[in-house]
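Heads up, the sequence shown is in our numbering, so the first residue is 279 and it goes up one at a time.
Cβ atoms here follow ideal geometry from the backbone N, Cα and C, with glycine treated the same way.
Treat the numbers as computed from the prediction; the structure is a model and nothing was measured.
All remarks here apply to the structure that follows.
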Amino acid sequence: MKQVTVSIPATSANLGPGFDCLGLALSLHNEFTLTGSNAPDAPPLTIAASGVDAHKIPTDASNLFIQSAELIFRKVEKRPFSLHLTQHNCIPVGSGLGSSSTAVLGGMLAANALVNGGLSRDDILQLATTLEGHPDNVAPALYGGLVLGVQSEDGLHVEQFPIPPLQAAVILPDFHLLTSEARAALPSHIPLKDAIYNTSRIGLLIHALQTADFAKLNIAMQDKYHQPYRIPLIPGMAEAFAAARHAGAAALALSGAGPSLIAFAPANHHAIAAAAQEAFAQAGLTSRTWLLSLDTTGACVTIAH
């Protein structure tokens, strides 16, 4: 019997202008332990889920971690007879904090380690990006820190940027927003001036995060690709942006497709979170908050025999 434990960080993708290409790893993690056995009397698959939103985690073969693991088993043509998964969630499902990416990466990394599949982290990233459709969550979740992913005809290129220890307030309203709905709200065409607006800000955003320049971050995290179309989908979000900024937030963005809001500031994070919570409460929504630092380690894999 062999056991692999993987810990995968939450991620905040897009960060305003970096639509589908830029993401940041955060200090909130999901942990998965996959045990493989070839004992003939062992059940083929068992799953135990705990933690945040455990009731939303499938405990059969439709589980995203298991589906991702099976993809690796098929690729390397190795698989234990029996699998047991223990999944502990700290990242809410459907929050815009990369919970699905933790399952995809976790399943692939654990399966590869469990059967000595020989795939590199770059191999895993390419497969995970293909499954997810874009690298902005899986790349920072795998490598940690601030990561830019560029897809080209000859494959995926990633660049990890060193950044100082920053903190962010994350506010999650109790509102269900499907990623598919958030994507459907986007226009099919972007005006040239909006493309220039966003493109000019990506480089500034990376520089501002690397230097902790909050004045520049305020400019750099503005966006015209997706947030103007998604913010109206979430009750109280526009007001939460305004309240958080009034309380001292230097820069704000939807985390991924939402409904989480991420706020960067040099101080007063608790006051910023409380102000956003009050705005959501005025719109009839309860909310949860976290004060998170940046995760610069990325995915961790531990093997036990």
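Taking residue i as the reference, which of the options has the closest Cα?
i: residue 526; options: 446, 351, 364, 504; result: 446
i: residue 322; options: 344, 573, 558; result: 344
i: residue 444; options: 570, 564, 575; result: 570
i: residue 300; options: 513, 407, 316; result: 407
i: residue 556; options: 583, 280, 450, 347; result: 450
i: residue 377; options: 329, 543, 312; result: 329
i: residue 360; options: 317, 294, 549, 399; result: 317
i: residue 356; options: 380, 395, 381, 327; result: 395
i: residue 472; options: 433, 505, 456; result: 505
i: residue 295; options: 314, 346, 414, 340; result: 414
i: residue 426; options: 455, 297, 553, 409; result: 297
i: residue 560; options: 547, 515, 358; result: 515
i: residue 430; options: 404, 421, 416, 410; result: 404
i: residue 397; options: 284, 367, 292, 351; result: 351
i: residue 367; options: 288, 581, 282, 552; result: 288
i: residue 364; options: 354, 388, 349; result: 388
i: residue 399; options: 410, 411, 386, 409; result: 386
i: residue 568; options: 583, 548, 411, 353; result: 548
On the DSSP bridge list, what partners appear for residue i?
i: residue 435; result: 428
i: residue 280; result: 314
i: residue 365; result: 310, 327
i: residue 566; result: 450
i: residue 581; result: 282
i: residue 300; result: 426
i: residue 540; result: 448, 531
Only counting the same chain, and skipping five residues up and downstream in sequence, which positions put a Cβ closer than 7 Å to that of residue i?
i: residue 435; result: 428
i: residue 566; result: 450
i: residue 339; result: 323
i: residue 370; result: 330, 331, 377, 450
i: residue 518; result: 449, 539, 554, 557, 558
i: residue 463; result: 507, 508, 511
Below 8 Å on the Cβ atoms is my contact criterion, and I expect residue i with residue j to pass it. Report the Cβ-Cβ distance as a whole number of Å.
i: residue 362; j: residue 324; result: 5 Å
i: residue 495; j: residue 529; result: 4 Å
i: residue 542; j: residue 492; result: 7 Å
i: residue 589; j: residue 280; result: Because the chain spans 279 through 583 in this model, residue 589 falls outside it and cannot be assessed.
i: residue 455; j: residue 539; result: At roughly 12 Å, the Cβ-Cβ gap does not stay under 8 Å, so residue 455 and residue 539 are not in contact.
i: residue 423; j: residue 441; result: 6 Å
For residue i, does the count of other Cβ atoms within 10 angstroms reach 16, so buried, or fall short, so exposed?
i: residue 374; result: buried
i: residue 537; result: buried
i: residue 502; result: buried
i: residue 467; result: exposed
i: residue 309; result: buried
i: residue 489; result: exposed
i: residue 545; result: exposed
i: residue 534; result: buried
i: residue 302; result: buried
i: residue 550; result: buried
i: residue 576; result: buried
i: residue 327; result: buried
i: residue 470; result: exposed
i: residue 314; result: buried
Residues in its own chain within less than 6 Å of residue i by CB, not counting five upstream and five downstream?
i: residue 498; result: 479, 482, 483, 486
i: residue 305; result: 570, 571, 573
i: residue 286; result: 308, 380, 383, 384, 419, 577
i: residue 453; result: 512, 537, 563
i: residue 334; result: 371
i: residue 226; result: Nothing can be reported for residue 226: it is not among the residues displayed for the chain, which extend from 279 to 583.
Excluding sequence positions up to five away, which residues of its chain have a Cβ less than 8 Å from the Cβ of residue i?
i: residue 461; result: 535
i: residue 346; result: 381, 382, 383, 384, 385, 386, 389, 406, 409
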